[in-house]
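Report on the following structure.
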Amino acid sequence: MSWTEERVETLKKMWSEGQSASQIAKELGGVTRNAVIGKVHRLGLSNRTAGTPAPEPQPAEPAPAPRSAAPAQAAPATPEAGPEPEPGTADTAVAEAEADAPAKATPASRRQIIPAGQPLPPQPSANEISPEALASQREVEKRARKLSLMELTERTCKWPIGDPATPNFWFCGLPVEQGKPYCEAHVGVAFQPMSARRDRRR
DNA sequence: CCCTGATTCGC
DNA sequence: GCGAATCAGG
């Protein structure tokens, strides 16, 4: 991949928006975050260190329109960051478990996040998720690391697979989506818009 | 550990 | 110009 004008534009835009180099790299594809950072420097739009108030950030749009004239607020309107929470499910269960953790005697970064005997995250019934999602989920489960309860860490997907009452049970264990309790695929089935899961007959 | 950006330096 | 390797910090 080369730095076409278009790709550079995306880079500039995202960088000015405060996106991280890795996020930009992921968006562009075909490049690593190092490549992005390198390019950022070559383009001379580096200044982003702490303490630097950034005098003249990004004029972006030349016409400040002196006075009067409608403000024309163009809010970023990022589709992301939607209301996803969904209280009272796996998340809260896990979150609480983490909060409770007496820690103190925790050896190192090998802490388990779900105390033994804690209720397990709910396994969405098959008829509660879309067929597509279910299909892709199956695919992911083939790649699951099949971790046991004790092997889970803050950054392993906590999606349960199989029947907890049998030996045929494990957790996905794939790398979690930044900040989330599940991997990318499972975040998809875990955090569904109300509209999507609504009335899916039971 | 994971992630961030910053720099270096061979290509 | 490019970006992997490496550095420095959170």
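Here UniProt numbering is used: the first residue of the first sequence is 1, the next is one more, and so on.
Quick reminder that beta carbons are idealized off the backbone N, C-alpha and C, glycines included.
Under 8 Å between C-beta atoms of residue i and residue j
i           : j           : result
residue 152 : residue 170 : no
residue 10  : residue 27  : yes
residue 189 : residue 180 : no
residue 1   : residue 30  : yes
Separation of residue j from residue i, as counted between CA atoms
i           : j           : result
residue 175 : residue 32  : 18 Å
residue 168 : residue 162 : 6 Å
residue 21  : residue 36  : 6 Å
residue 46  : residue 159 : 39 Å
residue 40  : residue 12  : 8 Å
residue 140 : residue 172 : 8 Å
residue 142 : residue 135 : 11 Å
residue 138 : residue 183 : 14 Å
residue 17  : residue 149 : 39 Å
residue 8   : residue 165 : 53 Å
residue 85  : residue 191 : Model confidence at residue 85 stands at a pLDDT of 41, short of 50, so the residue's coordinates are unreliable and nothing is read from them.
Secondary structure of residue i, DSSP reduced to three states
i           : result
residue 170 : strand
residue 50  : For residue 50, the predicted structure reports a pLDDT of 36, less than 50, and the residue's modelled location is therefore unreliable. The matter cannot be settled from this model.
residue 175 : strand
residue 131 : helix
residue 32  : coil
residue 10  : helix
residue 162 : strand
residue 149 : helix
residue 78  : Note on residue 78: pLDDT 40, under 50, position unreliable in the model; no value is reported.
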